[in-house]
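Residue numbers (our numbering): 6 to 359. Just below is one structure, and these are the notes that go with it.
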Ligand code: MRU
C-alpha cells in the first residue's frame, strides 16, 4: 500500500491573524468561496448563530477568538471589573447555539484562564487570552490528526463508507473528525470511497462534505438522505462514520438530525456505526442523551431551498437540528485519547485519566 499524504492545511474554516479573523462563509459553499472578516465579538456571535461557521469544534474555535476580541476591548480598572465584563461577553457567545458542547467548553477554558491569571495586569491578561484562543485553534487541528490515526485502523481497505452531515476540516480547526479518520485511512495507503448523505435541510453533506472530499481527491458519491437504507440493503455500504455535537456519559450521541435514522438502518443491516469526536465533545456531566438540549432552527430552512419556497405558505414546520443516537447503536467512539467500545460509561470516563 502506498502512503498518500494529504495537504489539508488549505482547508481551514477560520484564519486568524493580526487582531482579525476571516471565516469561509459556509452558507455560500460550494457556489462561492467567500471570506468574511471579523474583529468584534458580537459579529462572531452572529456568524456562529447564522452558520457562517458551523460544526462543533469549529464553533468552539470561533467562540474562543470572539471571546478574545471582547476581552481586548474591555476597559476596566480592576481585575474583578474585567472578569465581570468578560463573563458577560462569554455568556453572549455561549447563547448562540445550544447543542454542541465544544462552544461552552472553549468559553469555559477562556474563563478559567482569565480566572487563574487575575493577579496579572489587565494588559498581560489580554495578551494571555489571545494566546489561549490561538492554542484552542491549533490544538484542535493537532488532536484531530491523532484521532484520525486512532480511527483509521477500523476502516478496512476498499471500504465504502457512509457519512452524514459534515465532520470534516470545515467543521473543525482543520483536518476533521469523521473525515479526519477517512483522511488518515487514505494517508495510511488504504483505498476507500465515501457516500455522503446530502443532509437536509442545511445540506452540509451535499454542499460541504462533497466539496472538501473532492478537493482532497477522495472519491465521494452524493446521495439523498432517504437513499441510505436502499444502498445498505444492496450491500453497497461497509461502515458508517459520523461526528458528534455532544456525547453524554453513557455514550448517547447528539449529532446532525438524521444520524439516528442512519444508526437504526446500520443496526438492521449489521453494518458498523462509528462516531469520531475529540474529548472536548464529551459531556460527562450529563448522565444520558435525553438531557442534551436540541436546537430548533428557523422553519425557513425547511420551507425553502436555495432561497426558493418549496412548501405552501402557512404549513406548520418542525426543524430540530440534531437528534440523539442511543449508545447501543454505536459500535465505537473514536477520540484522540483512544477508541472506546462496549461499556461507554466506564470507557469514556477512563479517557480522561490516561
Ligand atoms: O448544524 P451544524 O452544521 O453545526 O452541525 C454539525 C454536525 O452535526 C457535525 O456532525 C458535528 O458538529 C461534528 S463536526 C466535527
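Using N, Cα and C, we set each Cβ at its ideal position, and we do this for glycine too. Note that this is a predicted model, so its numbers are computed, not measured.
The Cβ atoms of residue 189 and residue 163 do not sit closer than 7 Å to each other.
Residue 330 has its Cβ no nearer than 6 Å to any heavy atom of the ligand MRU. Judged by their CB atoms, residue 177 and residue 149 are nearer to each other than the 7 Å cut-off.
When only Cα atoms are considered, residue 76 and residue 133 end up about 10 Å apart. Non-local beta-carbon contacts of residue 171 in its own chain, meaning distances under 7 Å to residues more than five positions away in sequence, involve 60, 209, 210, 213 and 214 in chain order. Here residue 72 is near residue 112, since their CB atoms are less than 7 Å apart.
Boundaries of the beta strand (DSSP E) harbouring residue 226: 225-228, taken from the DSSP string. If you draw a straight line from the Cα of residue 141 to the Cα of residue 239, it is about 43 Å long.
Under the Cβ criterion (8 Å, minimum of three pairs), the region 306-313 does not count as touching the region 255-268. Taking the Cα of residue 278 as reference, the smallest distance to any Cα among 264, 252 and 295 is reached at 264.
In the structure shown, the three-state DSSP call for residue 101 is coil.
For residue 357, there is no enclosing beta strand (DSSP E), as DSSP gives it neither H nor E. Residue 97 holds the alpha-carbon nearest to the alpha-carbon of residue 47 among 181, 260 and 97.
Assignment of residue 247 by DSSP, reduced to helix, strand and coil, places it in the strand class. Three or more pairs of CB atoms, one per stretch, sit closer than 8 Å, so the region 50-64 contacts the region 24-35. Counting only the Cα atoms, residue 127 lies some 55 Å from residue 231. Under the three-state reduction of DSSP output, residue 260 falls in the strand class.
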